[in-house]
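Structure, as structure tokens:
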Amino acid sequence: MKATGFISLWTLVSLPYGQLANPAEHEDVVKHAIKLHRGKGAVITQRKQWVLESCRKLSGLLRQKNVVLNKLKNAIRAVEKDAGLSDEEKLFQVHTFEIFQKELNESENSVFQAIHGLQRALQGDYKDVVNMKESSRQRLEALREAAIKEEMEYVELLAAEKHQVEALKNMQHQNKSLSMLDEILEDVRKAADRLEEEIEEHAFDDNKSVRGVNFEAVLRVEEDEANSKRNASKREVEDDLGLSMLIDSQNNQYILTKPRDSTIPRADHHFIKDIVTIGMLSLPCGWLCTTIGLPTMFGYIICGVLLGPSGLNSIKSIVQVETLGEFGVFFTLFLVGLEFSPERLRKVWKISLQGPCYMTILMIAFGLLWGHLLQIRPTQSVFISTCLSLSSTPLVSRFLAGSIRGDKEGDIDYSSVLLGMLVMQDVQLGLFIAVMPTLIQAGVSTQSSIFKEILRILILIGQILFSLAAVFLMCLVIKTYLIGPYYRKLHAESKGNKEILILGITAFIFLMLTITELLDVSMELGCFLAGALISSQGHMVSEEIMSCIEPIRDFLAIIFFASIGLHVFPTFVIYELTVLLFLTLSVVIMKFVLAVLVLSLILPKTSQYIKWIVSAGLAQVSEFSFVLGSRARRAGIISREVYLLILSVTTLSLLLAPALWRAAIMKCVPRPERRSST
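Structure, rendered in structure tokens:
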């Protein structure tokens, strides 16, 4: 009888763990269990009586289950033939019986799945970790499927209970006369039920069978409260509202994005607390940096460091804070474009186009050379070089904010060249993001497919160039026919009411970034072009819009720079300070030298003096290397160690940027212009 053998093994495995004191005894028990399963051990005489009774109980339960199933089938047939019940009531009772049938069958399946799993484990080699891992994975998948089935059954039981309560209420209402108010409330209740059924999406059922969807176990964490009664009542409310936090086995934390019941308003209190905390701590940090002569943005970065994972770890909604911070980049680049008129853009467009391209090519060439010497994969070398070739547009924009930069006769303004090159780097960022999937595939491709990958990269470059041509053609049409009437309409409607003007300008910014995103060009370029198009309407228009948008930009920029601080890890920097300082200085000096070399070749002779200022502005590493690095790490292009090095070098280069900028300003800018430029 196979069942007795399995149950005897079950009893052996279920011995108290306190009796197995050392590894030698563990190994003896395992060997004895395997021999017993294969018939080579002692016969099962010691617990024979217990085994027989357990088998008898299991057999009796299975027979009883079959009897109950037959009774349920008869009950279902009786309900279907009962003429006194309505169709809805018949459907409800039959559904309830089917749920009970499913519960009985699933319970039986769970018993035999456990026995089958025990048999599979005993037949394997207990020293084979791979086999044990596969067995564990199969058990985990079975448990996940069982949990999903149990969850669905629980939901069905809740629906059945709700239906039963509603049926009881209907019976009570039929037996007594209702007042006019009760009738109105009953009609409202029915309408609310219909509304919930209409707006409910059944996302769980619709997506559980989609390819790539996996079932995972998560922890649901409630907020701790000192008062247990308050905690209990709050937990009941949060169970209904879904405001608790979920944590998966990989320590990723999740919050509610879209509730099942959309009729109840909700707020993410974690996100609210995070924004409030950042706003309060940014003030003293900004004051401190102003006192010691540093830009206030470094105070905001310090605020992020103090509140982030390397500090107090009080920020819960990190992804949401970073997302809100991205709007700071959008409005910053819009104001940059607002100061960067199309006339200035036409004056330096050749330099803006050639300079970043030459610098990126030279950085990649140096990266491949060093990668060959250090035996680093070409894909990794290309990625690291491209990351380090980018410079921070928001940082340089803050350096140039509010400065008066009039062109000298016959000369080129350094701010125009610098901003033009930074905007071109933003375009390169969008191009690199588009090429990254091909770069990932190239990292695992064989030599025979390298030609195909190069061809795909060239095709992608062609698509990006076509998209850029389409974007600038669209900008020409907007500037010629649309932007003038649009602004005059906004100005006429916003007299005495600035919110119409702010809303109209914000909508135009979002329209431009949406268009550039749809054309596979960076959203940052769309924001910059939106500002440049509006600046074509004249200086007075730019001043009016800047006075409205600047407060919004300043607040969102605080969130952006604080989100950068969330990814700064001072302990790692301290541990590897010597290596990081050497790498950072090497990168900054290399970028500065390459920028000076490139600008010496492409700048007119009368404007050669500005190459030192422009090179100083390009010598740091863009904060977008955080984004690129995280994507590359997830894709396996770079390792965890390289990712942390990129983050640290980027942070240190941003900290060195003000000193280098001031040195260049002191050397090259005449004294009357220094105050406004610094």
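Residue numbers -20 to -1, 1 to 658, in mature numbering (1 follows the signal peptide of the UniProt record, and there is no 0), belong to the letters of the sequence shown in order. Positions of the beta carbon are idealized from the N, C-alpha and C atoms, including for glycine.
Query: Report the CB separation of M343 from L574 in whole angstroms; it is logged as a contact under 8 Å.; Result: 7 Å
Query: Can you tell which of I439, L624, I341 and V135 has its C-alpha closest to the C-alpha of V578?; Result: I341
Query: Per DSSP, what kind of secondary structure is Q517 in: helix, strand or coil?; Result: coil
Query: Rounded to whole angstroms, what is the Cα-Cα separation between A472 and L398?; Result: 36 Å
Query: For E146, is the classification buried or exposed, using 16 other Cβ atoms within 10 angstroms of its Cβ as the cut-off for buried?; Result: exposed
Query: Can at least three beta-carbon pairs, one atom from the segment 551 to 569 and one from the segment 299 to 313, be found at a separation below 8 Å?; Result: no
Query: Could you tell me if S566 is buried or exposed, where buried requires 16 or more neighbouring beta carbons within 10 angstroms of its beta carbon?; Result: exposed
Query: Can you tell me whether M646 is buried or exposed? The criterion is at least 16 other CB atoms within 10 Å of its CB, across all chains shown.; Result: exposed
Query: Where does V451 land, buried or exposed, given buried means 16+ other C-beta within 10 angstroms?; Result: buried
Query: To the nearest angstrom, report how far apart R533 and G597 are at their CA atoms.; Result: 21 Å
Query: Quick check on D254: does DSSP put it in helix, strand or coil?; Result: helix
Query: Residues in the same chain with beta-carbon distance under 8 Å from V74, minus the five sequence neighbours each way, listed in chain order, please.; Result: I56, V59 and E60
Query: Please go through the same chain and pick out, in chain order, the residues whose beta-carbon is closer than 8 Å to the beta-carbon of residue 660, but skip the five residues on each side of it.; Result: There is no way to answer for residue 660, as the model of the chain reaches only from -20 to 658.
Query: Going by CA-CA distance only, name the one from M520, F488 and L448 that's closest to I463.; Result: F488
Query: Report yes if the C-beta distance between I582 and G335 is below 8 Å; otherwise report no.; Result: yes
Query: Exposed or buried, what is E603 when buried is set at 16 or more other beta-carbons lying within 10 Å of its beta-carbon?; Result: buried
Query: Touch check for the segment 303 to 321 and the segment 499 to 507: three-plus C-beta pairs under 8 Å?; Result: yes
Query: Taking the alpha-carbon positions, what's the K253 to L292 distance?; Result: 14 Å
Query: Ordered along the chain, which non-local residues of its own chain (more than five positions away) have a Cβ less than 8 Å from that of L42?; Result: E88
Query: Look up D228 in the DSSP assignment and give the residues it is bridged to.; Result: V198
Query: Quick check: L236 and L261, are their CB atoms within less than 8 Å of each other?; Result: no
Query: When the Cα of Q405 is compared with those of I272, V501 and E319, which residue comes out closest?; Result: V501
Query: Expressed to the nearest angstrom, what Euclidean distance is found between the alpha-carbon atoms of S522 and P245?; Result: 39 Å
Query: Report the option in K113, E86, E83 and R119 whose CA atom is closest to the CA atom of L98.; Result: R119
Query: Does the Cβ of G273 have 16 or more other Cβ atoms within 10 Å, making it buried, or fewer, making it exposed?; Result: exposed
Query: For L445 and V622, what's the separation of their Cα atoms in angstroms?; Result: 31 Å
Query: What do you reckon, are the CB atoms on V576 and S605 nearer than 8 Å?; Result: no
Query: Excluding the five sequence neighbours on either side, which residues of its own chain have a C-beta within less than 6 Å of the C-beta of residue 673, listed in chain order?; Result: The chain is shown from -20 up to 658; residue 673 falls before or after that span and cannot be answered.
Query: At the level of alpha carbons, what is the spacing between E131 and R124?; Result: 10 Å
Query: Verify the contact flag: L315, CB atom, against every heavy atom of the ligand NAD, threshold strictly below 7 Å.; Result: As for the ligand NAD, it is missing from this structure, which has no ligand bound.
Query: For V128 and I626, what's the separation of their Cα atoms in angstroms?; Result: Looking at the sequence shown, residue 128 is not Val but Ile. Whole-angstrom Cα-Cα distance: 42 Å.
Query: DSSP beta-bridge partners for Y134?; Result: According to DSSP, which records beta bridges pairwise, Y134 is partnered with nothing at all.
Query: If I follow the unbroken alpha helix (DSSP H) through E479, where does it start and stop?; Result: K478 to L498
Query: Hey, V201 and S224 are a contact pair by Cβ (cut 8 Å); roughly how many whole angstroms apart?; Result: 6 Å
Query: What is the C-beta distance between G511 and G317, in whole angstroms, given that I count them as a contact (C-beta under 8 Å)?; Result: 3 Å
Query: Under the rule that 16 or more other beta-carbon atoms within 10 Å means buried, what is F431, buried or exposed?; Result: exposed
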